[in-house]
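Since the structure comes first, as structure tokens, the remarks are kept for the end.
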Amino acid sequence: MTLPKKTIFSLPFILISLLYIVPLFTQNYYKVWQLWLPVLSWFLGALVGFLVLEFDRIVDVYIGNPDTELSRYVKNYFKNRQLKKGWLVITKNKVLQQKLTFHSLLFQIIWILLALFTLTSTSSPFGKSFIMGLGLHLILEQWQDWVLNKNFFTKLYFWQINRELTFKEIKIYLWIITIIVAFLFIFMTRI
């Protein structure tokens with residue numbers, strides 16, 4: 002069972018972008034292209050934030066673990082300009098990339114602090130949607146990995162912790178992080 006990640010990912014950004022779009026139509030400003038820049042900036046930031054998390058896998062191929070068999074295959078595909086095949090190899094074998102920087106408990110804590118800082122200190126729609134896109138992608142990927150393989154989940158996200166977590170502890174963690182992400186989205190709409 003997989004979650005419909007693209008739909009879930011795009012829904013909060015579409016709803017929040019309505020906060021930008023609705024006033025344009027209610028005040029007949031929709032023809033002024035400059036007023037659409039925050040909406041474009043919002044979607045661009047979300048897209049870049051979403052893709053940054055995927056970049057972690059490419060960094061692992063070239064820097065983190067360049068000598069693994071997976072890295073050799075991917076680098077060979079990329080060298081021959083077969084980017085799609087190389088990316089498919091990465092996504093189909095993501096269980097082989099266990100110690101990714103952005104896919105860890107420590108990064109999630111850092112992300113929460115960054116999100117609070119960004120949401121309270123910038124007025125840029127790009128910055129806000131970038132940080133929230135990154136966090137939403139991470140939490141959706143965590144839930145998907147939890148649903149698909151509970152035993153592997155600990156190795157993938159809690160590799161920095163020196164003890165084995167129970168399924169109950171992991172589920173509590175996932176719900177707490179999900180509530181924090183939801184709270185940050187609600188907080189973002191209030192600013």
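Its first residue numbered 2, the sequence shown is counted upward by one per residue in my numbering.
Even glycine gets a Cβ: it sits at the ideal position worked out from N, Cα and C.
Note that the coordinates shown come from a computational prediction; the quantities given were computed from them, not determined experimentally.
Candidates the options: which alpha carbon is nearest residue i's?
i	options	result
GLU199	LEU48, VAL49, ASN94, VAL60	Residue 199 lies beyond the residue range present for the chain, which begins at 2 and ends at 192; the question has no answer from this structure.
PHE56	THR92, PHE188, ARG164, LEU185	THR92
LYS151	THR167, ILE113, LYS80, HIS138	THR167
TYR174	LEU52, VAL60, LEU106, ASP61	LEU106
ILE111	PRO39, LEU41, ILE178	ILE178
GLY128	PHE79, VAL96, SER42, LYS100	SER42
PHE186	LEU139, SER125, ALA116	ALA116
HIS138	LYS85, TRP37, ALA47, THR27	ALA47
SER130	PRO67, ASN66, MET189, LEU97	MET189
TYR78	ASN66, ILE64, ILE59	ILE59
LYS156	PHE108, TRP176, LEU97, ALA183	LEU97
PHE159	SER124, ILE181, SER125, HIS104	HIS104
SER124	ARG82, GLN109, PRO39	PRO39
PHE51	GLU165, LEU135, GLN143	LEU135
LYS100	LEU84, LEU141, PHE44, PHE153	PHE153
ALA183	LEU141, PRO24, PRO126	LEU141
Looking at the unbroken alpha helix (DSSP H) that takes in residue i, where does it start and where does it end?
i	result
GLY65	Looking at the DSSP string, GLY65 is not in any alpha helix (DSSP H), and its letter there is neither H nor E.
HIS138	126-149
SER42	38-60
SER122	106-122
LYS85	84-93
What distance in whole Å lies between the Cβ atoms of residue j and residue i, which are believed to be in contact at a cut-off of 8 angstroms?
i	j	result
VAL49	TYR74	The Cβ separation is near 27 angstroms, so there is no contact.
ILE132	TRP147	So it is not a contact: roughly 23 angstroms between Cβ atoms.
LYS76	VAL62	7 angstroms
ILE180	ILE113	So it is not a contact: roughly 12 angstroms between Cβ atoms.
Any beta-carbon of chain D closer than 8 angstroms to the one on residue i?
i	result
ILE59	The structure shown contains no chain D, having only a single protein chain.
Less than 7 angstroms between the CB of residue i and some heavy atom of the ligand HEM, yes or no?
i	result
VAL60	Ligands are entirely absent from the displayed structure, and the ligand HEM is therefore not among its contents.
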